[in-house]
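Report on the following structure.
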Ligand SMILES: [Zn+2]
Ligand SMILES: [Zn+2]
């Protein structure tokens, strides 16, 4: 009889009645063949694999992470509350020790959603991993979290949310931004002045295959994880590195995904992208689930899998080696890099323009952060978009020192009397979220 | 008139049902080593003095196949499974003579690797040499495309007495369960066939030339003729008989049914007069199957459950060490506590008092208090399990936003009880909970009434793939080419027609044909930003329930 070595929880929520629009890749049909495959293989019958019904997240769960403009309700649908809820359900079950690990196989995805949300970008409205992580921090007091994003696209949303958080290690492995949406995720993006080095980007060349991915995990990600020592490891498990994915140019296989999962040993995996809905997802998901459960996956293979056709060139191998070396360099020199960004000022500022491709919105954002050695630093955000909405937002971090808290509240008071239509306080230290 | 017969572990109940209500019932002891004579004795007794011509049909619920599976006295069979990539099919091995062969159908029903005919012929020779008469053939995704199973069938056909094909057993997707179910069908086939042929011919010689129907685990019936192809569907029909009997007097709201026996209490649930079914199928004797079945939970608390004190706490069951001490049994039981509380000064009461006094002494309380505590505890455990069952039904995963947000949540307010200590438990459960608790009318024979009046049930699953221009219900041996304008409504109508045909063939009358749509999904298939077709899945069933025209209660 088949019995999972690791007790594994699954939320399977294909949202069969929801699509961004009828012919959009993020559509009703997306997990249909995955469902057929996991049902036919009898995965939910395996001893030690438990299927959970997703909870819904609350508005407060969303506010803990996001500053939604004009408000939470107007930038989300029920599908987002359920998808984030699926991740939360798995997170809770892991913390309650009902399961050893779990996989939220949900849609829509979330890793392109940043802290400020004016609408959808890269098929994402709210960041389902971040909502889960902040819920777990609040409910179970976990501190150090590692999020390893293996989606083929740069996880720019998660990067934005944890840019200033030294207690969250965010590593994104993706196809080089010069060749793919969203065009970011380079080595020189490594976090803000209070958290340099806990954001790491590993841009891989097109046509990277299993060999290159697994090399990256073993030679860059695992050593960094060993040193960071997270309380919990989360995998943003996008499946669009697959050789059959229509939107990308990589050569990863189902077996490769399973190998990656058994190397990484995530406590929680969350589905992100992946749009080869017939040729990849059914097999990749099988591989990930079996690997998480500690079961044999050597016989999982796509009907058209031909390893010789997918093998990677020596120039690709060479550049991957170099990139991994560079990433380790960033990580090892993070203190020096931090000092360099900080300079002598009390504050650090940056200004950005952000495109919401899914909803066709253009945002201009200015951000100011307290440079602080005692906490992650309070953040002030001024944002406006071409929809006419604007926002003045203040973020006080969960471990805020008195000084940063004080400054945060001062900012909020000045913001209230300012010219912004929405003024918002995100006080993580008190789990208090105010708008005016 | 209809005869309903339910073979139980110790007794077999038989009723005779007129349109106006039950007219006669008898009880005969069950001889587990000779069910045939038990059944015949039941028929003889119930028809004594009755004109056999007046009897229109007989419905049987037996433990024949269940016992054979649980006691592993089933026939040796051969199994051929076509697995392809995925979990190693060897892990689903059901028996010796199990062969995993080449070939693979993918999730869309496309042949990804063909079978090796030489390999099949070789296995066929081996099975034949080993004296195998019955074979099961199961392919992964055969419910999408049965061609490989059919091809294997053609190769094997002339060499074996009966071959069961996985796609004919169930249209549900679950390869391991399809293997187990096909195996069980092949394995119980000869026992089932011999038994019912013998019953039928014996009844014939007694002038009872009536159609024989058999109760299934889902609380529905099928004709003996149809059961030959699906013999495993007759397993575990006992709990179904009782629950169908309870339906007669249950209100239309959500209702919990408790069958409190000697060793166990079975919990089942009714929604709007129909029993809640297992999502996929029953698990029995270590096999997870695709056999449609009521969702029942059996817990180790009954009238004869062993009561003792452990670490200062009362423990009840799950073992039964014999009858209640009130009836001369060896150890204190729940029934003894009930006797003490009733205080009827009968002979049994005196013996029960001795039983409860031993518990009272250990707890240093009065016998009445001890009896009360025992009974409270038994009811507590049952109520807790009832809550768990409700929670579990409500936390069944769903896959659409609509179902998740607006799906039906069961909220039972009524419990119906049957079984030996039904009366006492009903009163006490009501006191201890917010449920209104009633006793199933004529509960002593409700099981046989339930069997006698159960409808013929079946289900049909149909899928359409307009990109591949096909609609198919492989389980019904149905497939047709289809155009791009085919819709979900067309599919529902098509499935309903197939269901009606199947139900009538299985012994239903058209007035009891109440269709329920269990699943109706339609997807646009989008490839490269344009729609290339529709993928439609429809599942319909005959709603389980009682047949029309017969009053299950009577005057
Ligand atoms: Zn992606
Ligand atoms: Zn600070």
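Residue numbers (my numbering), protein chains in the order written: chain C, 259 to 694; chain X, 752 to 1306. Idealized CB from N, CA, C, for every residue including glycine.
- Going along chain A, which residues have a C-beta under 8 Å from residue 281 of chain C? The structure shown has no chain A; the protein chains it does contain are C and X.
- Item | Neighbouring residues, chain X, relative to residue 273 of chain C (Cβ below 8 Å) | For the purposes of this step, residue 273 of chain C is identified with residue 15 of the first chain, where counting begins at 1. Chain X residues near residue 273 of chain C: 1150, 1151, 1152.
- Message: Closer than 6 Å to a non-hydrogen atom of ligand 1 - does that hold for the CB of residue 378 of chain C?
- Response: Along the first chain, one-based indexing puts residue 378 of chain C at 120. Residue 378 of chain C: no, Cβ never under 6 Å from ligand 1.
- Query: Relative to ligand 2, is the shortest distance from any of its heavy atoms to the C-beta of residue 632 of chain C smaller than 6 Å?
  - Reply: Position 374 of the first chain, counting from 1, holds the residue named residue 632 of chain C. Residue 632 of chain C Cβ: within cutoff of ligand 2.
- Query: Using DSSP with H/G/I as helix, E/B as strand and the rest coil, what is residue 384 of chain C?
  - Reply: On the first chain, residue 384 of chain C is found 126 positions in, with the first residue counted as 1. Here residue 384 of chain C sits in coil by DSSP.
- Would residue 837 of chain X count as contacting chain C if we go by Cβ distances under 7 Å? If you number the second chain from 1, residue 837 of chain X lands on position 86. With 7 Å as the cut-off, residue 837 of chain X counts as an interface residue toward chain C.
- Contact with chain X by residue 337 of chain C, beta-carbon distance below 7 Å: Locating residue 337 of chain C in the first chain gives position 79, where the first residue counts as 1. Interface residue, yes.
- Item | Three-way DSSP call (helix, strand, coil) for residue 1089 of chain X in this model | In the second chain, residue 1089 of chain X corresponds to position 338, counting from 1. DSSP, read as helix, strand or coil, puts residue 1089 of chain X in helix.
- Query: Does the Cβ of residue 530 of chain C have 16 or more other Cβ atoms within 10 Å, making it buried, or fewer, making it exposed?
  - Reply: On the first chain, residue 530 of chain C is found 272 positions in, with the first residue counted as 1. With 16 or more other Cβ atoms within 10 Å, it is buried.
- Evaluate residue 560 of chain C with the Cβ neighbour count: other Cβ atoms within 10 Å of its Cβ, from every protein chain shown; 16 or more gives buried, anything less gives exposed. As a first step, residue 560 of chain C must be located in the first chain, where it is residue number 302. Buried is the call here.
- Item | Neighbourhood of residue 892 of chain X by C-beta, 7 Å cutoff - its chain only, sequence neighbours within 5 removed | Position 141 of the second chain, counting from 1, holds the residue named residue 892 of chain X. Closer than 7 Å at the Cβ level, and outside the excluded window around residue 892 of chain X, lie 856, 857, 858, 860.
- Query: If you draw a straight line from the C-alpha of residue 1010 of chain X to the C-alpha of residue 274 of chain C, how long is it?
  - Reply: Counting from 1 along the second chain, the entry for residue 1010 of chain X is found at position 259. Counting from 1 along the first chain, the entry for residue 274 of chain C is found at position 16. Whole-angstrom Cα-Cα distance: 38 Å.
- Do the stretch 1207 to 1218 of chain X and the stretch 1227 to 1239 of chain X make contact, defined as three or more Cβ pairs closer than 8 Å? They touch, by the three-pair rule.
- Item | Straight-line Cα distance separating residue 1077 of chain X from residue 1292 of chain X | In the second chain, the residue the question calls residue 1292 of chain X occupies position 541. In the second chain, the residue the question calls residue 1077 of chain X occupies position 326. Going by the C-alpha atoms only, they are around 47 Å apart.
- Task: Look up residue 501 of chain C in the DSSP assignment and say whether it is helix, strand or coil.
- Result: Along the first chain, read from residue 1 onward, the residue named residue 501 of chain C stands at position 243. The answer is coil: DSSP assigns residue 501 of chain C none of H, G, I, E or B.
- Can you name the residues of chain X whose CB is closer than 7 Å to the CB of residue 284 of chain C? Position 26 of the first chain holds residue 284 of chain C. Residues of chain X passing the Cβ test: none, with the nearest at roughly 11 Å.
- Do residue 496 of chain C and ligand 1 come close, with the Cβ less than 6 Å from some heavy atom? The residue you call residue 496 of chain C lines up with position 238 of the first chain. Yes, the Cβ of residue 496 of chain C comes within 6 Å of a heavy atom of ligand 1.
- Task: May I ask you to verify whether the stretch 478 to 485 of chain C touches the stretch 508 to 516 of chain C, counting CB pairs closer than 8 Å and requiring at least 3?
- Result: no
- Does ligand 1 have even one heavy atom less than 6 Å from the beta-carbon of residue 996 of chain X? Here residue 996 of chain X is taken as the residue at index 245 of the second chain, counted from 1. Outside the cutoff, so no.
- Which value, in whole angstroms, describes the spacing of the CA atoms of residue 1109 of chain X and residue 928 of chain X? On the second chain, position 358 is the one that residue 1109 of chain X refers to. On the second chain, position 177 is the one that residue 928 of chain X refers to. So the two alpha carbons sit approximately 49 Å from each other.
- Message: Within 10 Å of its beta-carbon, does residue 895 of chain X have 16 or more other beta-carbons around it, so buried, or fewer, so exposed?
- Response: Position 144 of the second chain, counted from the start, is the residue given in the question as residue 895 of chain X. Looking at its Cβ environment, which holds 16 or more other Cβ atoms inside 10 Å, residue 895 of chain X is buried.
- Thinking C-alpha only, which one of X/848, X/839, X/829, X/947 is nearest residue 816 of chain X? Taking the second chain and counting its residues from 1, one reaches residue 816 of chain X at position 65. The residue with the shortest Cα to Cα distance from residue 816 of chain X is X/947.
- Query: In the stretch 853 to 864 of chain X, which residues sit with their C-beta less than 9 Å from some C-beta in chain C, listed in chain order?
  - Reply: 855, 857, 858, 859, 861, 863, 864
- Query: Relative to ligand 1, is the shortest distance from any of its heavy atoms to the C-beta of residue 531 of chain C smaller than 6 Å?
  - Reply: To locate residue 531 of chain C, count along the first chain from 1; it is residue 273. It does: the Cβ of residue 531 of chain C is within 6 Å (strictly closer) of some heavy atom of ligand 1.
- Put residue 359 of chain C into one of helix, strand or coil per three-state DSSP. Here residue 359 of chain C refers to the residue found at position 101 when the first chain is read from its first residue. Three-state DSSP puts residue 359 of chain C in a strand.
- residue 521 of chain C, DSSP secondary structure in three states: Your numbering for residue 521 of chain C matches position 263 in the first chain. It is helical.
- Task: Report the three-state DSSP secondary structure of residue 931 of chain X (helix, strand or coil).
- Result: Residue numbering aside, residue 931 of chain X sits at position 180 when the second chain is read from its first letter. Of the three classes helix, strand and coil, the one that applies to residue 931 of chain X here is helix, per DSSP.
- Message: Any beta carbon from chain C within less than 7 Å of residue 927 of chain X's own beta carbon?
- Response: In the second chain, the residue the question calls residue 927 of chain X occupies position 176. By this cut-off, residue 927 of chain X is an interface position.
- Could you check if residue 620 of chain C is buried or exposed, using at least 16 other CB atoms within 10 Å of its CB as the buried criterion? Locating residue 620 of chain C in the first chain gives position 362, counting from the first residue. Exposed, because fewer than 16 other Cβ atoms sit within 10 Å of the Cβ of residue 620 of chain C.
- Message: My output table needs one value for residue 634 of chain C: the three-state DSSP class, helix, strand or coil.
- Response: Sequence index remark: in the first chain, residue 634 of chain C carries index 376 (1-based). Of the three classes helix, strand and coil, the one that applies to residue 634 of chain C here is coil, per DSSP.
- Message: Considering Cα atoms alone, identify which of X/1245, X/1229, X/1209, X/1233 is closest to residue 1220 of chain X.
- Response: As a working mapping, residue 1220 of chain X is identified with position 469 in the second chain. The residue among X/1245, X/1229, X/1209, X/1233 with its C-alpha nearest the C-alpha of residue 1220 of chain X is X/1233.
- Query: residue 224 of chain C: beta carbon under 6 Å from a heavy atom of ligand 1?
  - Reply: No statement about residue 224 of chain C is possible, as the shown extent of chain C runs from 259 to 694 and does not include it.
- Any non-hydrogen atom of ligand 2 closer than 6 Å to residue 326 of chain C Cβ: For the purposes of this step, residue 326 of chain C is taken as residue 68 along the first chain, with counting starting at 1. No, ligand 2 has no heavy atom inside 6 Å of this Cβ.
- Is residue 444 of chain C helix, strand or coil when you go by DSSP? As a working mapping, residue 444 of chain C is identified with position 186 in the first chain. Coil at residue 444 of chain C, not helix or strand.
- Task: Could you tell me if the beta carbon of residue 359 of chain C falls within a distance shorter than 6 Å of some heavy atom in ligand 2?
- Result: Start at 1 with the first residue of the first chain, and residue 359 of chain C comes out as number 101. Flag unset: Cβ of residue 359 of chain C not near ligand 2.
- Query: Of all Cβ atoms in chain C, is any one closer than 7 Å to the Cβ of residue 892 of chain X?
  - Reply: Here residue 892 of chain X corresponds to residue number 141 of the second chain, with the count starting at 1. At least one chain C Cβ lies under 7 Å of residue 892 of chain X.
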